[in-house]
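K.L.:
Residue numbers (my numbering), protein chains in the order written: chain A, 4 to 212; chain B, 390 to 583.
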């Protein structure tokens with residue numbers, strides 16, 4: 004009885020979005036618990052829950068909040084080459100540390116970037132990361148449409164995910180294929196993938212040497 | 390500090406040879422800066438300061454401040470109207486407005502809803518409310534925080550502020566320190582497919 008009470012999930016207010024079971028995310032969180040120092044880059048918005056979760060480990064956390072600080076529009080340009088690379092670099096947080104990034108949380112942001120923009124961003128991130136660094140992403144796969152704005156994913160106590168993003172109009176999802184992402188994630192290569200209950204594909208990428 | 394009628398040098402210390410127009414107007418602003426609200430001195434909405442701000446009592450900023458803010462034994466609140474473009478050193482820092490610069494606090498940094506913060510946060514306790522906007526980094530390793538704060542509060546306190554700013558080093562594409570082995574060892578998932 005005691006054990007079941009401990010494992011009981013907190014009640015969500017009526018109308019709250021459902022928690023999403025994302026096993027690769029859970030796996031990463033479990034590994035953060037295992038100890039050691041980690042350098043984490045979060046491309047999404049800062050959330051109390053995520054910071055509290057990362058605070059259990061000895062983390063150095065960089066938060067880019069690309070959606071709010073105009074990163075998506077700035078990256079989705081017709082620019083290419085060094086100009087786009089410089090822009091991608093400028094959108095990442097200034098650093099206090101030059102430690103290599105271990106882990107990147109992309110959330111659903113790849114869906115909102117062209118492959119060209121995504122590639123520039125991930126190449127910029129790759130330059131800050133060491134070989135073997137991991138990147139986690141959620142990609143619209145089954146659904147044809149997505150919210151016009153990126154989600155705001157926060158972990159529950161059980162490391163499931165809840166999207167607290169504001170509702171908005173539906174736009175066409177790019178529905179990137181694994182082949183698209185193979186080209187669009189810079190030097191990050193697909194390591195594992197899972198189809199989630201909400202129709203999104205959960206990806207874990209690994210930075211090659 | 391920041392009290393009406395105190396000596397000039399006690400009120401605001403402005404450093405650097407290149408003073409801006411707003412620096413030159415300190416004399417006329419001093420009495421306004423000194424206005425007190427509650428237990429903290431207040432820099433009002435119409436006040437603009439460009440320079441280094443030092444003090445030894447709690448301060449609330451509702452105006453625009455650029456340069457450096459150092460209240461190492463006191464609390465700083467950046468109000469909803471406040472805009473601070475500075476590295477800030479204080480005992481505690483609460484942000485309701487906008488900041489651009491690194492925030493160093495020996496106790497706590499709180500970023501409240503609708504606040505907009507761009508810079509790095511170094512403090513033993515950090516809270517960021519939902520709806521706040523933050524771009525930067527947060528050191529969550531207590532040992533690393535202690536080390537970073539030690540650099541800025543103990544060994545650097547007698548250095549000029551301009552030198553102390555060098556503690557924050559923007560990334561310019563430097564080579565990451567951690568080795569591939571370090572990165573792979575800590576976070577590698579088990580082999581096999583999902």
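For every residue, glycine included, the Cβ atom is placed at its ideal position computed from N, Cα and C.
Between which two residues does the alpha helix (DSSP H) carrying residue 182/A extend?
P.N.:
Looking at the DSSP string, the run of the alpha helix (DSSP H) that includes residue 182/A is 181 to 187.
K.L.:
For a contact meaning CB atoms closer than 7 Å, what does residue 383/B contact in chain A?
P.N.:
For residue 383/B there is no data in the structure shown, the boundaries of chain B being 390 and 583.
K.L.:
Near residue 47/A, what residues of its chain come up, given a Cβ to Cβ distance below 6 Å and the 5 sequence neighbours on each side ignored?
P.N.:
Excluding sequence neighbours, residue 47/A sits near 110.
K.L.:
Tell me, to the nearest whole angstrom, how far the beta carbon of residue 210/A is from that of residue 132/A; I am working on the premise that it is less than 8 Å.
P.N.:
With 8 Å as the limit, residue 210/A and residue 132/A qualify as a contact, their Cβ atoms being about 5 Å apart.
K.L.:
Taking only runs of the alpha helix (DSSP H) that begin and end inside the segment 469 to 545 of chain B, which ones reach a length of at least 4 residues, in chain order?
P.N.:
The qualifying runs are 531 to 542.
K.L.:
With a threshold of 8 Å between beta-carbons, can residue 528/B be considered close to chain D, or not?
P.N.:
No chain D is part of this structure, whose protein chains are labelled A and B.
K.L.:
Around the C-beta of residue 174/A, are 16 or more other C-beta atoms found within 10 angstroms, so that it is buried, or is it exposed?
P.N.:
Classification for residue 174/A: exposed.
K.L.:
According to DSSP, is residue 155/A helix, strand or coil?
P.N.:
Coil.
K.L.:
Of all Cβ atoms in chain A, is any one closer than 8 Å to the Cβ of residue 462/B?
P.N.:
No, residue 462/B does not count as interfacial toward chain A.
K.L.:
With a floor of 3 residues, list each beta strand (DSSP E) that falls wholly inside the segment 124 to 180 of chain A, ordered by position along the chain.
P.N.:
Entirely contained in the segment 124 to 180 of chain A, the beta strand (DSSP E) runs reaching 3 residues are, in chain order, 132 to 143, 148 to 150, 156 to 158, 164 to 166, 173 to 175.
K.L.:
Excluding sequence positions up to five away, which residues of its chain have a Cβ less than 8 Å from the Cβ of residue 134/A?
P.N.:
Closer than 8 Å at Cβ, skipping near neighbours: 210, 211, 212.
K.L.:
So which residues of chain B does residue 72/A contact, with C-beta pairs closer than 8 Å?
P.N.:
Simply 507, 522, 524.
K.L.:
Going by beta carbon distance, what residues of the same chain come within less than 6 Å of residue 515/B, once the five residues before and after it are set aside?
P.N.:
The answer, listed in chain order, is 498, 527.
K.L.:
Look at the alpha carbon of residue 504/B and the alpha carbon of residue 521/B, and state the distance between them as a whole number of angstroms.
P.N.:
Approximately 5 Å, taken between the alpha carbons.
K.L.:
In the DSSP output, which residue or residues are listed as bridge partners for residue 449/B?
P.N.:
431/B, 466/B, per the DSSP bridge assignment.
K.L.:
Examine the ligand FAD and report whether any of its heavy atoms sits within less than 7 Å of the Cβ of residue 521/B.
P.N.:
No copy of the ligand FAD occurs in the structure displayed, which carries no ligand at all.
K.L.:
Alpha carbon to alpha carbon, how far is residue 539/B from residue 533/B? Give it in angstroms, no decimals.
P.N.:
Near 10 Å, if we compare the C-alpha coordinates of residue 539/B and residue 533/B.
K.L.:
State yes or no: is the C-beta of residue 442/B within less than 8 Å of the C-beta of residue 456/B?
P.N.:
Yes. Within cutoff.
K.L.:
For residue 461/B, which of helix, strand or coil comes out of DSSP?
P.N.:
Strand at residue 461/B.
K.L.:
Would residue 68/A count as contacting chain B if we go by Cβ distances under 8 Å?
P.N.:
So, interface residue.
K.L.:
In chain A, which residues lie with their C-beta within 9 Å of the C-beta of residue 533/B?
P.N.:
Residues of chain A passing the Cβ test: 40, 61, 63, 100.
K.L.:
Starting from residue 89/A, trace the alpha helix (DSSP H) both ways and give me its first and last residue.
P.N.:
Counting along the chain, the alpha helix (DSSP H) containing residue 89/A begins and ends at 84 to 94.
K.L.:
Thinking C-beta only, is residue 508/B closer than 8 Å to residue 492/B?
P.N.:
Against a cut-off of 8 Å, the Cβ pair of residue 508/B and residue 492/B comes out as a contact.
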